[in-house]
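Read the structure below first, then the notes.
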Amino acid sequence: MKISLDIDCTPEEARRFLGLPDVTSVNDGLVEVLAKRTSEMAEEIDIDKLAEQWMTAGAQGLGNLQRIFMEQFSAAQSKKD
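Count along the sequence shown starting at 1, add 241, and that's the number in this note's numbering.
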């Protein structure tokens, strides 16, 4: 037996119905702090250096992934033969 219920309500109504606390003010405070820190850090970031680090790490990760795939394909091929 399968029972399905469709309830049309807002997240606020669902929160109240389930008796969950209202953390809107806490969330707003955290978002404000994170936005402030992000804007402060954005002024200090060297975009060229950051992009270079990401590209290097991404290329290494891709190379490692290719190596792992090739090892697995080789192992599967040798088992097949």
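For every residue, glycine included, the Cβ atom is placed at its ideal position computed from N, Cα and C.
Cα-Cα separation, residue i to residue j
i: D269; j: K277; result: 12 Å
i: L303; j: T251; result: 43 Å
i: D247; j: P262; result: 24 Å
i: R256; j: T265; result: 11 Å
i: T297; j: S280; result: 26 Å
As assigned by DSSP and simplified to three states, the class of residue i
i: G260; result: coil
i: S280; result: helix
i: S315; result: helix
i: L275; result: helix
i: S245; result: coil
First and last residue of the uninterrupted alpha helix (DSSP H) at residue i
i: T251; result: Note, T251: premise wrong, no alpha helix (DSSP H); not H, not E.
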